[in-house]
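A short worksheet on the structure shown next.
Residue numbers (our numbering): 23 to 107.
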């Protein structure tokens with residue numbers, strides 16, 4: 023028979039799965055493959071266009087082959103370029 027500890031464990035697991043499924047903010051890296059118009063390759067399957075990214079003023083000008091740090095906003099629709107590394 024289940025007790026309060028088992029119920030609490032199930033609730034915690036369900037909450038963790040719900041947060042993961044919602045796509046919370048995540049840090050990722052990418053490589054600039056085109057400076058104008060801006061395109062950043064995140065993985066072999068995902069290349070971002072300029073309409074999908076927000077560039078911080080402090081980032082400055084980006085050049086081809088720059089490696090950048092990005093924050094993926096919740097839901098994965100927009101990425102914020104934090105800087106070059």
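Think of the CB as a built atom: it goes at the ideal place given N, C-alpha and C, for glycine as much as any other residue.
Treat the numbers as computed from the prediction; the structure is a model and nothing was measured.
Apply the 10 Å Cβ neighbour rule to residue i and answer buried if 16 or more other Cβ atoms are within range, or exposed otherwise.
| i | result |
| --- | --- |
| residue 97 | exposed |
Using DSSP with H/G/I as helix, E/B as strand and the rest coil, what is residue i?
| i | result |
| --- | --- |
| residue 61 | strand |
| residue 30 | helix |
| residue 85 | coil |
| residue 47 | coil |
Out of the options, point me to the one whose CA is closest to residue i's CA.
| i | options | result |
| --- | --- | --- |
| residue 73 | 102, 81, 30 | 102 |
| residue 99 | 33, 70, 41 | 70 |
### Task
Could you say if the region 88-106 and the region 36-56 meet the contact criterion of at least three C-beta pairs nearer than 8 angstroms?
Pairwise C-beta distances place the region 88-106 in contact with the region 36-56, as three or more of them are shorter than 8 angstroms.
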